[in-house]
Amino acid sequence: MAVSSINDCRMIEFPKILDDRGNLTFLEGGEHIPFEIQRAYWIYDVPGGEERGGHGYFELQEFFIALSGSFDLVLDDGKNKKTVSLNRSYHGMYVPSLIWRHLENFSTNAVCMIVASRHYSEEDYMRNYDKFLDYKRRDANHADG
Ligand code: TYD
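Numbered by my numbering, the letters in the sequence shown go through residues 1 to 145 in order.
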């Protein structure tokens with residue numbers, strides 16, 4: 001995907017089946033998630049004050065869901081930043097490729113589930129922030145030209 005911006009990141013509300021026995025929420029690939037799901041992983045047992053993430057991806061698209069507890073997702077497209085607080089298990093934040101992100105402010109017992117468009121691949125990671133900025137600048141110039 002070319003020239004993704006934080007405005008392309010969006011919050012989705014999943015269906016809620018309210019029930020006195022306990023509520024149920026679901027998501028389906030292609031329906032609520034704008035990509036074919038190839039992987040899910042989750043982050044849990046995060047010690048107080050720790051951060052996760054701190055990278056971007058060339059190709060990977062992801063969805064972040066606070067299955068339990070809360071945390072902040074900090075998004076950065078190289079020009080603008082925004083922080084999104086996730087604290088409802090029926091909300092998911094879509095993040096396209098080429099967005100730098102990290103997670104912070106985890107509550108006790110927070111569980112962050114990530115639904116992803118590709119299998120794990122270290123080659124897809126952008127782990128150097130300065131290189132990320134260079135890439136975004138080149139990407140933007142390419143789109144303008
Ligand atoms: P990383 O994506 O860097 O963690 P963070 O959630 O903080 O962004 O992954 C940490 C380690 O886990 C890294 O060595 C790669 C490994 N890993 C997998 O093997 N499979 C996966 O699906 C993920 C997300 C990570």
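C-beta: ideal position from N, C-alpha, C; glycine also.
Nothing here was measured: the structure is a model prediction, and the numbers come from that model.
- In the structure shown, H91 adopts extended strand secondary structure according to DSSP, grouped into three states.
- The straight-line gap separating the alpha-carbon atoms of H55 and E36 is approximately 22 Å.
- With fewer than 16 neighbouring CB atoms inside 10 Å of its own CB, E59 falls in the exposed class.
- Counting the other Cβ atoms within 10 Å of the Cβ of R137 gives fewer than 16, which makes it exposed.
- Within the segment 54-86, complete beta strand (DSSP E) segments of at least 3 residues are found at 62-68, 71-76 and 81-86, given in chain order.
- With respect to the 8 Å criterion, V84 and W42 are not classified as neighbours on the basis of their beta carbons.
- Pairwise C-beta distances place the segment 12-19 out of contact with the segment 108-128, as fewer than three of them are shorter than 8 Å.
- In the structure shown, A140 falls within a helical segment according to DSSP collapsed to helix, strand and coil.
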